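Protein chains in written order, with our numbering: chain D, 322 to 436; chain A, 4 to 115.
This report refers to the structure that appears directly beneath it.
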């Protein structure tokens, strides 16, 4: 069975601190996709990144970076120099490569960035 | 390109009633998925439609149903509402050239 675990329920940091959100996944599939979404208070899930299981290269996008390690089944997300606007709930998700229409979500990590 | 739109944004119903939620996908996207988000259960997959056919279904009772029209717009219906159906219902669309779901703003349903 597929499962995504986000052990950190809530993280609080002060602006400009770096913060890492952890994501551990379980799947028997050899081909799959991993995602991160951001959910601000408005409720809409905002897509951040997609990574397929064959691509273990780390990715950086501005202040955001992602570390994918198949050996530990982890797909961690780091925000560098956090800002108040980063405050949101962040979800890690998993899908089979053939069934990207169905996402398995973790429970989310609420990030609060204080000025 | 306009994003995924959902109507209505907020809805209040009473137990026993039924409700219909609507979702318009991104132009050109033919797959529409529905999710329920509650504080207790988190985000759970309801069902997915492609070309007017339900391709995949989550573990929800038959009171939850959906359909998709020829223009890819989708509706979901919940009959005989229960208090536990109070949730944020999110719709997402996926295009043929992308393996990514893009979400709408959601419909917040409150059952009294």
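Note that CB positions come from ideal geometry on N, CA and C, so glycine has one too.
No experiment lies behind these values; they were computed from the predicted model shown.
Contact between residue 371 of chain D and residue 103 of chain A holds, with the beta-carbon distance rounding to 5 Å and staying under 8 Å.
Between residue 402 of chain D and residue 55 of chain A, the alpha-carbon positions lie close to 46 Å from each other. At a beta-carbon threshold of 8 Å, the residues of chain A lying near residue 422 of chain D are 34, 36, 51, 53, 58, 59, 97 and 104, ordered along the chain.
Shown here, residue 422 of chain D sits in a strand according to DSSP, grouped into three states. Taking residue 14 of chain A as the centre and dropping the five residues before and after it, the same chain places the C-beta of 22, 24, 110, 111, 112 and 113 closer than 8 Å to its C-beta, in chain order. In the structure shown, residue 84 of chain A falls within a coil segment according to DSSP collapsed to helix, strand and coil. Between the stretch 391 to 409 of chain D and the stretch 66 to 76 of chain A, the count of Cβ pairs shorter than 8 Å is below three; the stretches do not touch. For residue 70 of chain A, the enclosing beta strand (DSSP E) has its first and last residue at 67 to 71. Across the structure, residue 418 of chain D and residue 343 of chain D are spaced so that their CA atoms are roughly 22 Å apart.
Sequence-distant Cβ neighbours of residue 394 of chain D in its own chain, meaning closer than 7 Å and more than five residues away, are 345, 346 and 347. Of the candidates A/67, A/31, A/99 and A/42, A/42 places its Cα closest to the Cα of residue 430 of chain D. A distance below 8 Å separates the beta carbons of residue 35 of chain A and residue 75 of chain A. When Cβ-Cβ separations below 8 Å define contact, residue 371 of chain D makes contact with chain A.
Each of A/90, A/101, A/99 and A/108 was checked against the Cα of residue 46 of chain A, and the nearest Cα belongs to A/90.
For residue 413 of chain D, the closest alpha carbon among the candidates D/359, D/422, D/374 and D/390 is that of D/359. Note on the stretch 357 to 415 of chain D: whole beta strand (DSSP E) runs with a minimum of 3 residues are 367 to 373, 380 to 382, 385 to 390 and 395 to 400, in chain order. In this chain, residue 30 of chain A is not harboured by any beta strand (DSSP E), its DSSP state being neither H nor E. In this chain, the beta strand (DSSP E) harbouring residue 96 of chain A covers 90 to 97. For residue 428 of chain D, the closest Cβ of chain A is nearer than 8 Å.
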